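Comments concern the structure below.
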């Protein structure tokens with residue numbers, strides 16, 4: 001039973017509409033948006049990561065799921081495996097900062113001590129208030145929609161390469177990797193204007209494929225439109241390979257959304273008001289999967305679409 | 001920073017009344033009761049435990065927290081670390097059975113793959129509906145209350161000894177260890193009649209001490225009244241040591257509650273109607289901590305009060 005088979009088995013259990021077929025960023029239930037993400041040492045964070053940054057990331061990755069549903073963050077429950085004292089203290093300090101930053105209540109949780117030598121694993125359940133007009137799903141994109149993305153793509157992937165010493169460091173990319181910024185305010189503001197929305201956690205292409213599958217349409221993405229930061233372009237040449245690497249790197253925590261072209265002006269106005277960069281990436285069409293183009297030339301999908309886990 | 005210091009640091013963050021000072025079984029927030037418990041291989045379950053039983057236990061230990069707040073179970077989010085395929089499949093089957101048994105929705109969650117060789121760790125967030133008249137806390141016991149406990153105490157501890165081959169096995173004790181039964185129906189029915197309630201997960205004495213501390217009074221427990229099962233007494237002699245071992249073993253998942261003596265008849269009637277055994281264990285008094293007696297003789301507290309984690 002592969003992970004896909006296991007999730008498919010869980011889907012056969014999660015039959016209530018609130019679970020959204022386990023195919024969305026979060027559950028939407030009785031006016032609340034609920035999500036639970038785990039992070040494990042050696043898989044989701046480097047063993048030498050700063051504990052404050054691990055705490056930030058644990059909070060931010062969960063809040064990014066809330067942002068994708070247009071939810072206002074309310075509270076969290078923490079599952080924590082104890083380690084050495086100094087690490088735990090620094091983690092708690094980082095958690096305190098992250099929860100204050102996002103106005104989150106720490107409601108409860110559990111602390112455990114794992115066997116010696118075990119990688120540390122943490123879980124967070126985040127709860128938000130669903131938008132009054134309903135939380136956008138991944139499945140609502142319709143042929144003819146415009147495809148948008150917030151921020152820039154690929155910074156965190158380059159930041160990880162910098163952490164691994166593979167490329168000269170700069171703070172912008174390192175920060176994108178260490179301190180992802182969930183697009184909460186923008187997500188809440190734009191939610192009533194979109195047909196579908198999700199966050200990009202595993203990579204733009206793999207996540208776009210998930211929206212295409214859930215929505216039953218094709219997502220066409222123009223690689224030349226992919227928003228790359230100056231910080232990324234400071235260490236990578238602006239060639240198709242760089243764009244493909246950015247589109248398949250994970251940990252961006254930007255929002256990908258599909259909207260009727262009639263909403264474009266409203267979306268740009270919201271983004272401008274909140275000082276959030278938004279980029280028109282392409283269009284949806286009848287069909288399935290993701291179609292990549294670069295300056296109107298079809299580009300085949302790469303073998304590795306993103307972070308599979 | 002010990003675990004106690006870490007939790008104390010978390011308490012300084014969890015200042016909202018909903019968190020109940022992280023000193024209760026669950027958070028009570030906007031009419032919901034929320035809890036999150038983790039279980040880790042080698043700590044909370046044996047590596048050779050049946051995966052169906054691990055799934056049951058993960059659900060049951062969280063529901064026991066809901067039972068202690070008189071909550072009606074609604075739904076869960078699962079954090080799951082993948083292992084080998086057969087194990088995962090059997091876990092999913094067990095989860096399906098447990099969720100159906102308790103009428104719980106699987107709302108969402110996360111699956112991750114831990115590094116090879118790492119102990120498996122699972123988290124569950126359980127959500128319930130708080131009782132209309134409020135969820136009992138651990139802190140409401142008052143001097144002069146009667147102290148009650150459901151079911152029998154110590155079966156799971158003996159069941160663990162049986163699993164480890166330390167004593168001849170019987171099904172009742174093994175089942176108590178493998179398949180704890182959260183006292184949900186009784187918890188909901190008795191909640192309006194109690195001053196304080198909690199579940200016994202780490203051992204009767206250590207948990208009673210927590211109620212004493214939270215309530216600011218002394219809990220007097222008569223060891224001769226401790227309800228022991230016939231299955232336990234089939235493998236242990238009925239001596240003070242056996243009673244002390246039962247009172248310090250963990251994993252009972254029975255309810256401990258304090259109530260005005262005027263409620264005794266109502267409590268017995270509820271218990272009889274639901275076919276749940278209840279036992280009057282002692283009384284609260286002005287003071288602090290737990291005072292143990294055996295046939296009116298003071299018995300000193302044991303060095304090990306229960307399962308510390």
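Chains as they are written, first to last, in full-length UniProt numbering: chain Z, 1 to 309; chain S, 1 to 309. Just so it is clear, CB atoms sit at the ideal spot from N, CA and C, and this is done for glycine as well. As the structure is a prediction and not an experimental result, all values here were calculated from the model.
Contacts around residue i, its chain only, beta-carbon distance under 7 Å, and the 5 residues preceding and following it disregarded
i: residue 45(Z); result: 39, 54, 57
i: residue 274(Z); result: 185, 186, 189
i: residue 313(Z); result: A question about residue 313(Z) goes unanswered here, because the residues of chain Z that appear run from 1 up to 309.
i: residue 122(Z); result: 38, 39, 58, 79, 80, 81
i: residue 212(Z); result: 218, 219, 288, 289, 290
i: residue 173(S); result: 155, 158, 159, 162, 231, 232
i: residue 108(Z); result: 77
i: residue 42(S); result: 119
i: residue 196(S); result: 136, 137, 138, 139, 140, 141, 211, 215, 257, 258
Secondary structure of residue i, DSSP reduced to three states
i: residue 276(S); result: coil
i: residue 144(Z); result: coil
i: residue 240(Z); result: helix
i: residue 218(S); result: strand
i: residue 235(S); result: coil
i: residue 316(Z); result: Shown here, chain Z extends from 1 to 309; a query on residue 316(Z) therefore has no answer.
i: residue 14(S); result: coil
i: residue 251(S); result: coil
i: residue 19(S); result: helix
i: residue 298(S); result: strand
i: residue 230(S); result: helix
i: residue 135(Z); result: coil
i: residue 282(S); result: strand
i: residue 167(S); result: coil
i: residue 172(S); result: helix
Residue burial classification, residue i (beta-carbon count within 10 angstroms, cutoff 16)
i: residue 85(S); result: exposed
i: residue 258(S); result: buried
i: residue 238(Z); result: exposed
i: residue 284(S); result: buried
i: residue 119(Z); result: buried
i: residue 100(S); result: exposed
i: residue 88(Z); result: buried
i: residue 128(S); result: buried
i: residue 31(S); result: exposed
i: residue 286(S); result: exposed
i: residue 242(Z); result: buried
i: residue 116(Z); result: exposed
i: residue 48(Z); result: exposed
Cutoff 6 Å; reference residue i; Cβ partners in own chain excluding five residues on either side
i: residue 110(S); result: 79
i: residue 202(Z); result: 250, 306, 307
i: residue 263(S); result: 193
i: residue 114(S); result: 81
i: residue 326(Z); result: Nothing can be reported for residue 326(Z), as the shown portion of chain Z is limited to 1 through 309.
i: residue 62(Z); result: 35, 37, 124, 126
i: residue 271(Z); result: 278
Own chain, CB closer than 8 Å to residue i, minus 5 neighbours either side, in chain order
i: residue 7(Z); result: 22
i: residue 60(Z); result: 98, 179, 180, 181, 182, 253
i: residue 299(S); result: 223, 240, 244, 292, 293
i: residue 345(S); result: Within the shown structure, residues of chain S are numbered from 1 to 309, placing residue 345(S) beyond reach of any answer.
i: residue 216(Z); result: 139, 288
i: residue 52(S); result: 90, 91, 93, 94, 97
i: residue 210(Z); result: 23, 138, 198
i: residue 268(Z); result: 278
i: residue 207(S); result: 198, 199, 200, 201, 256, 306
i: residue 234(S); result: 170
i: residue 205(Z); result: 221, 247, 248, 290, 292, 301, 302, 305, 306
Any non-hydrogen atom of the ligand FMN within 7 Å of residue i CB
i: residue 47(S); result: The ligand content of the structure shown is nil, which means the ligand FMN is not present either.
Beta carbon proximity, residue i to chain A, threshold 8 Å
i: residue 45(Z); result: No chain A is part of this structure, whose protein chains are labelled Z and S.
Taking the runs of the beta strand (DSSP E) that are 3 residues or longer, which of them lie wholly in the UniProt domain "PurM-like N-terminal" (24-129) of chain S? Correct list: 27-29, 32-40, 72-82, 105-113, 121-129.
Pairs of beta-carbons, one from the segment 279-289 of chain S and one from the segment 141-150 of chain S, closer than 8 Å: are there three or more? With a cut-off of 8 Å on Cβ pairs, the segment 279-289 of chain S is in contact with the segment 141-150 of chain S, counting three or more such pairs.
Three or more beta-carbon pairs under 8 Å between the segment 162-174 of chain S and the segment 294-307 of chain S, yes or no? No, they do not touch.
Taking only runs that begin and end inside the segment 175-201 of chain S, name each unbroken beta strand (DSSP E) of 3 or more residues, in chain order. Runs found: 196-200.
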